[in-house]
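For the sequence shown, the numbering used here begins at 418 and goes up steadily by one.
Contents: one structure, followed by commentary.
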Amino acid sequence: MGGPQTGGPSAGSAVADTLAVQATLARYCHRCDDGDLTGLLALFTPDAVFTFGRLVARGTEELRTFFQRTQGRSELRGKHLTFNLDVSPAGDTARCVSDFVFLRPGAAGPVLDLAGRYHDELRRVDGHWRIARRDALTLDPPGTAASPA
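Here it is in C-alpha cells:
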C-alpha cells in the first residue's frame, strides 16, 4: 500500500481523502466501544462485506446481527485500538491496511483479547467515506493451525 501523495496537482485531495478515511475508521472504533449500533452501521455501505475468521456478514442486516452478537451487551464491549494505517485513496475508492488490538475490561485492568490486521476497502458515498469491505485477520496463538511454526 502506498501512502498519501506528496506532490502534484492532486496531492491536497489525496491528503484530505486519507484523513477522511482515517476518521471513518476511528469512528468505527468509537461506535463499537460506545455500543452505538445505528452509528456503526452508518459507516458501512448497504452491500458491505465483513469477514472475521470463518464468519462472513454481507449487507446491513447481517452486519446488524453480527454486531448485536459481538457488541450488543456492555460487558462484551471494550476498547478497539487501530494503528499503523496505510491508506491508498484512488478517486472515490480507497484501500487501507491497519493493525488492531482489542482490550477487554479485566479484574486487574484492561486485558489484551485480540490482535490482528484489517484489510479495508472504502467507497465515497454522498461525500462520505463508507466501509465496503473489512477483512479482520487475527494473530493466532502459537501452536494453532493458523499461526506460523
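A virtual CB, placed ideally from N, CA and C, is assigned to each residue, including glycine.
Original post:
Just reading off the beta strand (DSSP E) that E538 is part of, what are its end residues?
Top reply: To locate residue 538, count along the sequence shown from 1; it is residue 121. Note, E538: beta strand (DSSP E), V528 to V542.
Original post:
According to DSSP, is R448 helix, strand or coil?
Top reply: The count along the sequence shown starts at 1 and reaches residue 448 at position 31. Correct three-state label for R448: helix.
**OP:** Have a look at A437 and W546 and give me their C-alpha separation to the nearest angstrom.
**Re:** Taking the first residue of the sequence shown as 1, we reach residue 437 at position 20. Taking the first residue of the sequence shown as 1, we reach residue 546 at position 129. Rounded to the nearest angstrom, the two C-alpha atoms are 7 Å apart.
Subject >> Option in R551, R494, D516 and A553 with minimal Cα separation from H447 >> reply: As a working mapping, residue 447 is identified with position 30 in the sequence shown. Looking at the Cα atoms, R494 is the closest of the given residues.
**OP:** Check whether the Cβ atoms of D537 and R551 sit closer than 7 Å, and answer yes or no.
**Re:** Taking the sequence shown and counting its residues from 1, the one referred to as residue 537 is at position 120. Taking the sequence shown and counting its residues from 1, the one referred to as residue 551 is at position 134. Yes, they are a contact pair.
Original post:
Who are the Cβ neighbours of L460 in its own chain at under 8 Å, not counting the five residues just before and after it?
Top reply: Taking the sequence shown and counting its residues from 1, the one referred to as residue 460 is at position 43. The answer, listed in chain order, is T441, R444, Y445, R448, R547 and I548.
Subject >> Classification of L504 by the beta-carbon crowding that lies within 10 angstroms, buried from 16 upward >> reply: Here residue 504 refers to the residue found at position 87 when the sequence shown is read from its first residue. Before going on, a small fix: residue 504 reads as Val here, not Leu. With 16 or more Cβ atoms within 10 Å of its Cβ, V504 is classed as buried.
Subject >> Chain-order list of residues whose beta-carbon lies under 8 Å from that of V542 (same chain, five-residue window excluded) >> reply: Counted from its first residue, the sequence shown places residue 542 at position 125. Cβ neighbours of V542 beyond the five flanking positions: T462.
Subject >> Distance CB(L498)-CB(V528) smaller than 7 Å >> reply: Within the sequence shown, numbered from 1, the residue matching residue 498 stands at position 81. Within the sequence shown, numbered from 1, the residue matching residue 528 stands at position 111. The answer is no: Cβ separation not under 7 Å.
Subject >> For R534 and V514, believed in contact at Cβ under 8 Å, the rounded distance >> reply: In the sequence shown, residue 514 corresponds to position 97, counting from 1. In the sequence shown, residue 534 corresponds to position 117, counting from 1. Between R534 and V514 the Cβ distance is about 7 Å, and since that is below 8 Å, they are a contact.
**OP:** Since I believe L454 is in contact with F481 (beta carbons under 8 Å), could you give me their beta-carbon distance rounded to a whole number of angstroms?
**Re:** Against the sequence shown, residue 481 aligns to sequence position 64. Against the sequence shown, residue 454 aligns to sequence position 37. For the record, residue 481 in the displayed sequence is Arg; it is not Phe. With a Cβ gap of about 7 Å, R481 and L454 count as contacting.
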